[in-house]
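Participant: Dropping a structure here in structure tokens format, bear with me for questions.
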Amino acid sequence: MRELVEQSPKSVDDVLLRQGLRGADVDAIVRACEAAGVRYRFMPGLDMDRLYPGNHQGVMARLAAGPLVSLEDVLAAGLDAPLQVILVLDRVQDPGNVGALVRTLYALGGGGILVPKHEGARLGPGAAKASAGTLARLPLAKVTNLSQALDAAKEAGYTVIGAAGEEEAQNVHLAKPPFPLALVLGSEEEGIRPGIRKRCDALWRIPQARPIDSLNVAQAGAIMMGRMAAFLGMGEG
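Residue numbering for the sequence shown follows full-length UniProt numbering, beginning at 1 and increasing consecutively.
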């Protein structure tokens, strides 16, 4: 396990260790994860058995559904994409929502995805299934500091747009998308973090004809991305 983390950290989504497991080998795995920035956690043995009923010996690695690339690769891909949009997911935890967003982005011609290394959804089989295979076709980067990644996006020419719900935000249907664009989507529970909001050049909202608590983040993202594609007249003819 230590060798996998050291040699191919980008292929590892997270490492699971059985609670109570001790020893030099476990310490070495933990140090390797910390050095490589790979998520790890200790969990009850019964929970690990449910995930994998085989002989895991108290140590498991869950692999990412597709290859990870650098921040610079995602920014470059967004500039070259038919729809010059990258998705930035701020603590979106549900793999199904991530997969659905990636599927929409791919279908509309978007460029790539940025997710936080430590507070994002698992990018394993659940996300891959929801994406209908598109997770492996778009460049995706895990970044340690999402705020700094947005600063880099701005330096590369991107305008950062955040999805919000308050009335003060601009109506997405009336907005003129400033391409290239980085669309920030936050968690359904808390939205975009304050520090990330400060990096946004503008906030967009989806007007509602009937009152509901909120839209699913995958639904909201699809509406906004669809608006961007419609603005360019993509898909006509």
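Cβ atoms here follow ideal geometry from the backbone N, Cα and C, with glycine treated the same way.
In this text, all values refer to a predicted model and were calculated from it rather than measured experimentally.
Less than 6 Å between C-beta atoms, sequence neighbours within five positions excluded: which residues of the same chain meet that for residue 207?
Facilitator: One-based indexing of the sequence shown puts residue 207 at position 207. Same-chain partners within the cutoff: 171.
Participant: Quick one: grab the DSSP three-state call for residue 193.
Facilitator: Here residue 193 refers to the residue found at position 193 when the sequence shown is read from its first residue. Reduced to three states, the DSSP call for residue 193 is coil.
Participant: By Cβ distance below 8 Å, which residues in the same chain neighbour residue 5 in space, the five residues on each side in sequence not counted?
Facilitator: In the sequence shown, the residue the question calls residue 5 occupies position 5. Excluding sequence neighbours, residue 5 sits near 12, 15, 29, 32, 33, 36, 38 and 61.
Participant: At the level of alpha carbons, what is the spacing between residue 237 and residue 221?
Facilitator: In the sequence shown, residue 237 corresponds to position 237, counting from 1. In the sequence shown, residue 221 corresponds to position 221, counting from 1. Its pLDDT being 47, under 50, residue 237 is placed unreliably in this model, and the coordinates cannot settle the point.
Participant: Using a threshold of 7 Å, state whether the C-beta atoms of residue 238 and residue 160 are closer than that.
Facilitator: Residue 238 falls outside the range modelled here, since the chain spans only 1 to 237, and no answer is possible.
Participant: If the criterion is Cβ atoms closer than 7 Å, does the pair residue 99 and residue 127 meet it?
Facilitator: Translated into positions along the sequence shown, residue 99 becomes position 99. Translated into positions along the sequence shown, residue 127 becomes position 127. Yes, these two residues count as a Cβ contact at 7 Å.
Participant: Which whole-angstrom value describes the C-beta separation of residue 109 and residue 82, a residue pair presumed to lie in contact below a C-beta threshold of 8 Å?
Facilitator: For the purposes of this step, residue 109 is taken as the residue at position 109 of the sequence shown. For the purposes of this step, residue 82 is taken as the residue at position 82 of the sequence shown. Indeed, because the Cβ distance is near 3 Å, the residues count as touching under 8 Å.
Participant: Which word fits residue 238, buried or exposed, when buried means at least 16 other C-beta atoms lie within 10 angstroms of its C-beta?
Facilitator: Not covered by the structure: residue 238. The range shown for the chain is 1 to 237.
Participant: Going by DSSP in three states, residue 71 sits in which element: helix, strand or coil?
Facilitator: The sequence position of residue 71 within the sequence shown is 71, counting from 1. Three-state DSSP puts residue 71 in a helix.
Participant: Between which two residues does the beta strand (DSSP E) containing residue 159 stretch?
Facilitator: As a first step, residue 159 must be located in the sequence shown, where it is residue number 159. Segment 159-163, the beta strand (DSSP E) holding residue 159.
Participant: Straight-line CA distance for residue 133 to residue 23?
Facilitator: As a working mapping, residue 133 is identified with position 133 in the sequence shown. As a working mapping, residue 23 is identified with position 23 in the sequence shown. In a straight line, the C-alpha of residue 133 is about 39 Å away from that of residue 23.
Participant: Around the C-beta of residue 86, are 16 or more other C-beta atoms found within 10 angstroms, so that it is buried, or is it exposed?
Facilitator: Taking the sequence shown and counting its residues from 1, one reaches residue 86 at position 86. The residue in question, residue 86, is buried, as its Cβ has 16 or more Cβ neighbours within 10 Å.
Participant: Entirely within the UniProt domain "tRNA/rRNA methyltransferase SpoU type" (85-225) and at least 3 residues each: give me those beta strand (DSSP E) ranges in chain order.
Facilitator: Counting only runs of 3 or more, we get 85-90, 112-116, 140-143, 159-163, 181-186 and 202-205.
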